[in-house]
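Inspection log for the structure reproduced underneath, given as structure tokens.
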Amino acid sequence: MNPILILSGKGKTGRRVAAQLDARGIPYRLASRSSERRFDWYDESTWADAVRGTDTAYLAPPVGPTGLAQAGKFVEQAEGLRRVVLLSGRGVGSPGRDFAVYDGQLDLENVVKASGRDWTIVQPAWFAQGFSEDFLRYHVLAGEIRVSTGTGAEAWIDTDDVGDVMTTALLDESYVGQTLAISGPRTLTMSEIADELTTATGRKISYVDLAPEAHVAELIEQGLTPEDADAVRDLFAVIRNHRSEYISDGVEQILGRAPRDFTDWARETAATGVWAV
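Residue numbers for the sequence shown follow full-length UniProt numbering, beginning at 1 and rising by one.
If you want it as structure tokens, here you go:
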């Protein structure tokens, strides 16, 4: 078996896919700027060598319009790839849920579908691990989640469930040609998230609902470029505008079990000390 190529293999989903393949004894190749075979989304001269000797790839594309466009070019140019499993986002291309922030992701999905390769697209809800492995962790540590989601809710998903679904999609060809939407078992507003984290950590965690432009200003103060700050605002606007208040049953359909609940995830994550102050 040729190794499965994992692009962005050090990211939240890529390293979970790698762990699952490891457990099954299935060969894979991590590709990044620091890997043995260097891979850089923004350096096209690194692409061919990273792909050589593989025929299946897991793509977790870089964020932002430029990164998504580069991922599309990669899919079009990657000689030898027979199969692509793409990480996208829940709601991309869904009727009645069109949102400008998803345009680049929709373009990439269309490139993958038109590539002539076997494809599977996985569209997860927002990751619960955003509060433990990404920038929202610092909000939890500070005791205030300062974002612009209003009263909107999201069906937050455990990234371990995402990794399990991705691995299944990579290994089971019955999912070729399918778009798989996955989420957690219930929706939670950011106020409810703050309450869940208060219980899990034993510290008061509050939600501060920022106006979208105030959110942008704070992000720029924290070091983001205006373009990146606008992109973050627009992602949160999907929740703020109540576009994510629905459940997707892909985890149960694909894995034959219920997705992990946020309460269980928060309690077990707190026990690791990630939010200790």
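For each residue, glycine too, the CB sits at the ideal point set by N, CA and C.
The structure displayed is predicted, hence computed values, not measured ones.
- prompt: When we look at the beta-carbon of F135 and count the other beta-carbons within 10 Å, is it buried (16 or more) or exposed?
  reply: Classification for F135: exposed.
query: Is DSSP giving D209 helix, strand or coil here?
result: Note: D209 maps to strand in three-state DSSP.
query: Do the segment 217-225 and the segment 159-178 meet, that is, are 3 or more Cβ pairs less than 8 Å apart?
result: Contact between the segment 217-225 and the segment 159-178 is absent, because fewer than three Cβ pairs lie under 8 Å.
field: Environment of Y102 [buried if 16+ CB atoms lie within 10 Å]
entry: Buried: at least 16 other Cβ atoms inside 10 Å.
field: Distance CB(S183)-CB(P259) smaller than 8 Å
entry: In this structure, the beta-carbon distance from S183 to P259 falls below 8 Å.
Limits of the alpha helix (DSSP H) - the one that W47 falls within: Note, W47: alpha helix (DSSP H), 47-51.
- request: Could you check which residue in G150, I145, L170, F39 has the C-alpha nearest to that of E245?
  value: Considering only alpha carbons, the answer is G150.
query: Can the beta-carbon of V208 be found closer than 8 Å to that of V165?
result: No, these two residues do not count as a Cβ contact at 8 Å.
task: Taking A31 as the reference, give the member of A60, A114, G93 with the closest Cα.
output: Across the set A60, A114, G93, the C-alpha of A60 shows the shortest separation from the C-alpha of A31.
message: So, at 6 Å on beta carbons, what are the nonlocal neighbours of A155 in its own chain, with the 5 sequence-adjacent residues on each side left out?
response: Correct list, in chain order: A125, S183, G184, T187, I247.
task: Please report the residue range of the beta strand (DSSP E) in which A57 lies.
output: Element bounds for A57: 56-59.
message: Quick check: the Cα distance between A18 and L106, rounded to an integer number of angstroms?
response: Rounded to whole angstroms, A18 to L106 spans 26 Å at the Cα level.
message: Taking the straight line between their C-alpha atoms, what separation do you get for G163 and E227?
response: C-alpha separation (whole angstroms): 30 Å.
- prompt: Using the C-alpha atoms, what's the distance from E144 back to T272?
  reply: Rounded to the nearest whole angstrom, the CA to CA distance from T272 to E144 is 20 Å.
field: Inter-residue CB distance, P212 and A237 (contact presumed, cutoff 8 Å)
entry: Between P212 and A237, the beta carbon gap of about 6 Å places them in contact (Cβ cut-off 8 Å).
message: Which residue marks the beginning of the beta strand (DSSP E) containing A181, and which one marks its end?
response: Residue range 178-182 is occupied by the beta strand (DSSP E) that includes A181.
message: Buried or exposed, going by whether 16 or more other CB atoms sit within 10 Å of the CB of M1?
response: Counting the other Cβ atoms within 10 Å of the Cβ of M1 gives fewer than 16, which makes it exposed.
query: What residues in its chain sit with their C-beta under 6 Å from that of I239, if we drop five residues either side in the sequence?
result: Excluding residues within five positions, the ones whose Cβ falls inside 6 Å are T149, G152, E154.
- prompt: Looking at the structure shown, is A153 part of a helix, part of a strand, or coil, going by DSSP?
  reply: In this structure, A153 counts as strand in the three-state DSSP scheme.
field: Residue environment, R33, which counts as buried when at least 16 other CB atoms sit within 10 Å
entry: Exposed, by the Cβ-count rule.
- request: Measure the alpha-carbon distance for T168 versus L255 and round it to whole angstroms.
  value: T168 and L255 have their C-alpha atoms some 8 Å from each other.
task: Go ahead and label Y138 buried or exposed: buried means 16 or more other beta carbons lie within 10 angstroms of its beta carbon, across all protein chains shown.
output: Exposed: under 16 other Cβ atoms inside 10 Å.
task: Check whether the Cβ atoms of K12 and T159 sit closer than 8 Å, and answer yes or no.
output: Yes, the Cβ-Cβ distance between K12 and T159 is below 8 Å.
Residue burial classification, A229 (beta-carbon count within 10 angstroms, cutoff 16): Answer is buried; the Cβ neighbour count reaches 16.
- request: Measure the CB-CB distance between F131 and V140 and report whether it falls below 8 Å.
  value: When the beta-carbon positions are compared, F131 and V140 come within less than 8 Å of each other.
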